[in-house]
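Our numbering applies: residue 1 is where the sequence shown begins, and numbers increase by one. Ideal Cβ positions, reconstructed from N, Cα and C, are used throughout, including at glycine. Just so it is clear, the structure is predicted and the values come from calculations on it, not from any experiment.
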Amino acid sequence: MRNIMIRKKRPAVIKDVAALAGVSVATVSRYLNDSPHMSDETRQRIAKAITLLDYRPSHIARGLATSQVQSITVLSSETTLFGSAYTIQGIEVAAQRQGYVINISKLNTQWSDECKSTIDMALDQHPSGIIILQYDAAAIESIHYIPDDLPCVLIGGRPDGKHAHISFDEYHAGFAMTEYLLSTGVTTVHHVSVPGKGGGDDRTKGWEAALRQHGAVIYKPTTAVWSPEKARELGRDYAHDSTVEAIFAGNDEIAMGIISGLMDEGRRVPEDVRVTGFDDNPLSSIWRPAITTYHQYFTQGGEDAVTMLIKQINASKSTDAAEAVTQPESLCIKGDLLIRESA
Numbered sequence: 001m002r003n004i005m006i007r008k009k010r011p012a013v014i015k016d017v018a019a020l021a022g023v024s025v026a027t028v029s030r031y032l033n034d035s036p037h038m039s040d041e042t043r044q045r046i047a048k049a050i051t052l053l054d055y056r057p058s059h060i061a062r063g064l065a066t067s068q069v070q071s072i073t074v075l076s077s078e079t080t081l082f083g084s085a086y087t088i089q090g091i092e093v094a095a096q097r098q099g100y101v102i103n104i105s106k107l108n109t110q111w112s113d114e115c116k117s118t119i120d121m122a123l124d125q126h127p128s129g130i131i132i133l134q135y136d137a138a139a140i141e142s143i144h145y146i147p148d149d150l151p152c153v154l155i156g157g158r159p160d161g162k163h164a165h166i167s168f169d170e171y172h173a174g175f176a177m178t179e180y181l182l183s184t185g186v187t188t189v190h191h192v193s194v195p196g197k198g199g200g201d202d203r204t205k206g207w208e209a210a211l212r213q214h215g216a217v218i219y220k221p222t223t224a225v226w227s228p229e230k231a232r233e234l235g236r237d238y239a240h241d242s243t244v245e246a247i248f249a250g251n252d253e254i255a256m257g258i259i260s261g262l263m264d265e266g267r268r269v270p271e272d273v274r275v276t277g278f279d280d281n282p283l284s285s286i287w288r289p290a291i292t293t294y295h296q297y298f299t300q301g302g303e304d305a306v307t308m309l310i311k312q313i314n315a316s317k318s319t320d321a322a323e324a325v326t327q328p329e330s331l332c333i334k335g336d337l338l339i340r341e342s343a
């Protein structure tokens, strides 16, 4: 929290650097653009002032001045998980189509100084814009360290009121999945949530709201780790719990593990326990039994994020557009409930 409060103070501007170094703004600008016509003593004074003030030059201004390569940085804590990988795929396809280079910076899943250092290194590359995959707490925390003048789009999680945002309607998806399970005749639905504070948190709230609306018993959700093998152990435990008639797993990989664990203990799916997943991993349709899930359009989300970001980048180059006060753009991409054999 202390770091966040520091970030909220007015950031240093080029005039502050010039004043502290005892040089003109034009001289600082030449330093930032690596001009050879400058004494070593002047360079040292400016470098020291930049360090003391924690100054970061305007990415927009530098891009216009130096004609830098157009690039987009993606911040994500996970790059191999299905949702993240497919979102990044959409980003890459759309960015290449528009002539932008993609740089991916992987954050530590547990917020730390290492995460802050990763963000600093990403910003030091002077990207044209940033896309943050808000799929867990570390990615959500990273928003506080993005300069206000840098175009930015958030994917997943919740909007922050300052940046453009794309959501996957997680709350209503969780509600719809739970309602479907209740419609099959079960008395309640157990829930295994995914780690972090991204969209999975809204899925859980949708699950709880549906149960509450139907007057069903609400058992405390279990939080899984990103491991089908751990979920398999959980499935073995559920096999011996008489209250378990249906399980809504936070993603398909967890659902696969739970199904395996239930079957290890002689429980049948869906005859004894109904199990659903989420996301529509390609393996979910060929699993046995094929998994009832909720398809999310991750690739489309990545492509739409690039479109929104480039719109910001182009607007930032226009004085009139930059001065206009507008609300950050927002887009909700709804998914589809896919009913298969597991529930």
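query	result
Could you check where the beta strand (DSSP E) with Gly-129 kicks off and where it finishes?	129–133
Can you look up His-191 in the DSSP assignment and give me helix, strand or coil?	strand
Do Val-74 and Ile-131 come within 8 Å of each other at the CB atom, strictly closer than that value?	yes
Can you tell me the Cα-Cα spacing of Tyr-100 and Gln-125, whole angstroms?	14 Å
My parser needs the alpha helix (DSSP H) runs of 4 or more residues fully inside the segment 218–289; what are they?	228–238 and 252–264
Can you tell me whether Leu-52 is buried or exposed? The criterion is at least 16 other CB atoms within 10 Å of its CB, across all chains shown.	exposed
Taking Cβ to Cβ, would you say Thr-299 is nearer than 8 Å to Gly-277?	no
Grab the span of the beta strand (DSSP E) containing Leu-75 for me, first residue to last.	71–76
Arg-288: buried (16+ other C-beta within 10 angstroms of its C-beta) or exposed?	exposed
Considering Cα atoms alone, identify which of Val-153, Arg-232, Ser-342 and Glu-229 is closest to Lys-329.	Inspection of the sequence shows that residue 329 is occupied by Glu rather than by Lys. Closest by alpha carbon: Val-153.
Quick one: grab the DSSP three-state call for Val-306.	helix
If we count the other Cβ atoms within 10 Å of its Cβ and call it buried at 16 or more, is Ser-117 buried or exposed?	exposed
If distances are taken between C-alpha atoms only, which option among Tyr-31, Asp-149 and Gln-70 comes closest to Pro-127?	Gln-70
Within a Cβ cutoff of 6 Å, which residues of the same chain sit near Glu-323, ignoring the five residues on either side of it in sequence?	Only weak support exists for where Glu-323 lies, its pLDDT of 45 falling under 50; the coordinates are left without a value.
Would you check if the segment 155–169 and the segment 178–190 touch, i.e. whether three or more CB-CB distances between them fall below 8 Å?	no
State the DSSP-derived secondary structure class of Leu-20, mapped to helix, strand or coil.	helix
Checking the sheet assignment: what are the DSSP bridge partners for Tyr-294?	Leu-337
Would you mind giving the Cβ-Cβ distance between Val-189 and Gly-250, rounded to the nearest angstrom? I have them listed as a contact below 8 Å.	Actually they do not touch by this definition, with Cβ atoms about 13 Å apart.
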